[in-house]
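Colleague: My questions all concern the structure below.
Numbering (the numbering used here), first residue to last: 10 to 933.
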């Protein structure tokens, strides 16, 4: 099976390096585009990493200054022509801002011309600059380790498009985008340090702003407007060229600091995080007042799905309709009328609220609009199933049924039983007392010497998934199960997930086990790895286990528990749970004493109607001792496995690293907390954990304060990543920051994570109880990168699903009242934590009823927003209310004396808030 990644290897690139792409050798032309507004779209936000590690959020930067070009009026007719079939193969380099400057009268004419003649669309933003010049110190040594990934499919498509463009009546349309460099030019540019390769991040709330990380990952290159993005979409791997210094954005105080996820929640609406001036040696270091700007010159890999959910707009006298994506970062798309519903042209109003899925097939270099085809009519906007399908499609989640070829890889004779010869190869643990917690089995047996034998038993998925077959291919491609509020999109067929690999009680199951001899204090005396067969005696939910922990002396009856194997008395099971809980507490204490960090953020859960699957209620999920019990032993198993496979396969081990937080952002956070009088130590993961667990006040808002502070501290955190040990030579880079351990991997969830299947295969091979892993270092690293991408997408899909259900719940059951704590103050809005529901919302001052005016100012590094309210009684003067926080783009905490508000949530986008008597208000 050929995947996109096959075209991304260095070897493939080197083989084709000498082949020039004719499409990318075209003469570069001057670019023209228009910046206008479009309809409301879906905004995005990303929370911390789903397992243990914390993610980070993108800080937003100041909106770009509006530019008006003289050529705008001349080319207005050509810019309106959006029927070109040319693909995204050309890029028009913007002119120098000096050349693009116009007088006040000329600018006013341009504004009027735009309003009169052009459809409103934000992707048509004007941004003209001059030809690129070398900004590199040429005496810098050339880098020998440049890797360029090439998607040959994209290249061939672009080439044919270029030919089409040449045959189309030359010169009738101005080129909006600059043509891409050739692969050879890109390769040489990367080696000389003139070009930079990275993943593009587009600000979802300010879609004209995009960023590429610097080579050393300490600062960002700013891409100003859609022309600079050159048809790249969010997440694509691109190559950028830094613009001449005179074209850098001026009058900014700082630049957004690098982050891994694509959200702008809590970011500034005015200025952005301070620019890190510690650039690499070949760059003339930018100053904090003029951030480094660049432009995309090559798309290496189109990671974005090119699919979008949105609405159709009828255009009279045109052979196409306009598709408006809900995601701001995707351009508007022209779709053939033949793809639209039959009666769309006659009654377009009937489809105003209908959601469609559209896929981009082309994006001409001389058009601000992409071209595409409608893939499906979803249904009415706001309904759960159409919205859910749209989310899954946009984020490239494969939710199709498994093919017959895949299902043929599974056992046919059902019910399936373990072959006797397979049992003889394994350690037989069927008579031990194993309790299953969800799909994780734990066993605990007290030894005569007072110590314990504790085992973690994980379903042996790799026994059923042979390397290289169709089942393995689809699991590798999906990489992870995707969890929605109402259902799961499984990585593996349900026969495996729910039967063959589900550790159901009173059934023999194949497992991979890690067994320790451990003291009551949690000291490990010995460990054993191996394939095994178990028979779980009971399947305990977290609620059942919690009830046993909370009632250590209670004698539970059979009626109070799920079915129990009669071989093991209930009191034996109860005692095993208590022993595991005691050991887990000691292990946890050791971890945090040793410098580990946990950033707990509130998670919203829903109760659903069993028939309609509609939300009936919502609540904050409680993380209790039973959760901690299971987590400690899963962590212990993952850490032990990481050390084992790395020792046996130093060049092939699939591990998981968690880089330390961004130093610049942490320094700014420390300075901010010092100014606010918050005692916090950010010097290490352990020091931060101690600070977060300290009491923040002694009133009813203590928990809310802690949540806001946790959110502040999670922003500088980086994402944890899978990687192959053979790729990284410095073992210091293997470290997991949050867990504060040198090696870590994922072993405990092979049913839902493909990375765990690879780890199981490595473990089996090392123990000589499985076949040799037929993968190279490069192939493991490629799969690790794919797992990283899919994990990020699945997490985002889960968040969007939760937001969707919360919106539906508010619509059906609202309005809802809740207090909220101010988290961050921007120039026209402020962010709050809704205490009752644990959700974060942004309140825009312009949309607040009863607000007479608002004023923003900065006092030093403190950001202040003054809200002036209209009194209900006309004779009374307006009330003035001040919201203060620190640096605008940093999400900070405001103490309850001036930070608690009352919210009335009418919908997912309409929020009103009322006065609370905790406010300090003064008459004006």
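Glycine included, each C-beta is placed from N, C-alpha and C at the ideal position.
(1) Within 10 Å of its beta-carbon, does residue 804 have 16 or more other beta-carbons around it, so buried, or fewer, so exposed?
(2) Classify residue 210 as helix, strand or coil using the three-state DSSP reduction.
(3) According to DSSP, simplified to helix, strand and coil, what is residue 395?
(4) Would you say the stretch 239-248 touches the stretch 196-207, given that touching needs at least three Cβ pairs under 8 Å?
(5) So which of 457, 520, 517 has the shortest CA-CA distance to residue 528?
(6) Using C-beta distances below 8 Å, list every residue in its chain close to residue 475, excluding the 5 sequence neighbours before and after it, in chain order.
(7) For residue 863, tell me which candidate among 879, 848, 850 has the shortest Cα-Cα distance.
(8) Please state the DSSP three-state secondary structure of residue 524.
(9) Would you identify the three-state DSSP class for residue 432, choosing helix, strand or coil?
(10) Report yes if the CB atom of residue 662 is closer than 8 Å to the CB atom of residue 771, and no otherwise.
(11) Out of 205, 817, 193, 581, point me to the one whose CA is closest to residue 622's CA.
(12) Going by C-alpha distance, which of 859, 304, 637, 252 is nearest residue 209?
(13) With distances taken between CB atoms, is the gap from residue 387 to residue 365 smaller than 8 Å?
(14) Would you kindly report the start and end of the unbroken beta strand (DSSP E) that includes residue 627?
(15) Any idea what DSSP makes of residue 536, helix, strand or coil?
(16) Got a sec: does the ligand FAD put a non-hydrogen atom nearer than 7 Å to the Cβ of residue 304?
(17) Assess contact between the stretch 517-533 and the stretch 396-413, defined as three or more Cβ pairs (one per stretch) separated by less than 8 Å. Is contact present?
(18) Based on the DSSP output, what are the partners of residue 331 in its beta bridges?
(19) How should residue 628 be labelled, buried or exposed, when 16 other C-beta atoms within 10 angstroms of its C-beta is the threshold for buried?
(20) Grab me the residues of residue 525's own chain with a C-beta within less than 6 Å of its C-beta, minus the 5 sequence neighbours each way, in chain order.
(21) Applying the criterion that 16 or more other CB atoms from any shown protein chain within 10 Å of the CB defines a buried residue, is residue 301 buried or exposed?
(22) Where do the N-terminal and C-terminal ends of the beta strand (DSSP E) with residue 839 fall, by residue?
(23) To the nearest angstrom, how far is the alpha carbon of residue 391 from that of residue 812?
(24) Which residue marks the beginning of the alpha helix (DSSP H) containing residue 408, and which one marks its end?
(25) Rounded to a whole number of angstroms, what is the C-alpha to C-alpha distance between residue 682 and residue 718?
(26) What are the start and end residues of the beta strand (DSSP E) that includes residue 233?
(27) Can you tell me whether DSSP reads residue 648 as helix, strand or coil?
(28) For residue 405, tell me which candidate among 488, 860, 616 has the shortest Cα-Cα distance.
(29) Residue 501 and residue 760 - do their beta-carbons sit closer together than 8 Å?
(30) Is it true that the stretch 653-661 meets the stretch 596-609, where meeting means three or more beta-carbon pairs spaced less than 8 Å apart?
(31) Can you look up residue 682 in the DSSP assignment and give me helix, strand or coil?
(32) For a test of the three-state rule: what should DSSP assign to residue 466, helix, strand or coil?
(33) Is the stretch 782-796 touching the stretch 659-676, taking contact as three or more C-beta pairs under 8 Å?
(34) At what residues does the beta strand (DSSP E) containing residue 731 begin and finish?
(35) In whole angstroms, give me the CA-to-CA distance for residue 553 and residue 230.
(36) Starting from residue 584, trace the alpha helix (DSSP H) both ways and give me its first and last residue.
Modeller: Based on what the coordinates show:
(1) By the Cβ neighbour-count rule, residue 804 is buried, with 16 or more other Cβ atoms within 10 Å of its own.
(2) The answer is strand: DSSP assigns residue 210 an E or B state.
(3) helix
(4) yes
(5) 457
(6) 418, 481
(7) 879
(8) strand
(9) helix
(10) yes
(11) 817
(12) 304
(13) Result yes, Cβ atoms of residue 387 and residue 365 sit closer than 8 Å.
(14) 624-629
(15) DSSP, read as helix, strand or coil, puts residue 536 in strand.
(16) This structure does not include the ligand FAD; it has no bound ligands of any sort.
(17) no
(18) Residue 331 is bridged to 322, 343.
(19) exposed
(20) 463, 533, 536
(21) buried
(22) 838-843
(23) 11 Å
(24) Run containing residue 408: none; DSSP gives neither H nor E here.
(25) Spanning the two alpha carbons is a distance of roughly 9 Å.
(26) 229-233
(27) helix
(28) 488
(29) yes
(30) At 8 Å Cβ cutoff, the stretches do not touch.
(31) helix
(32) strand
(33) The stretch 782-796 is in contact with the stretch 659-676.
(34) 730-733
(35) Rounded to whole angstroms, residue 553 to residue 230 spans 52 Å at the Cα level.
(36) Here the alpha helix (DSSP H) through residue 584 covers 579-602.
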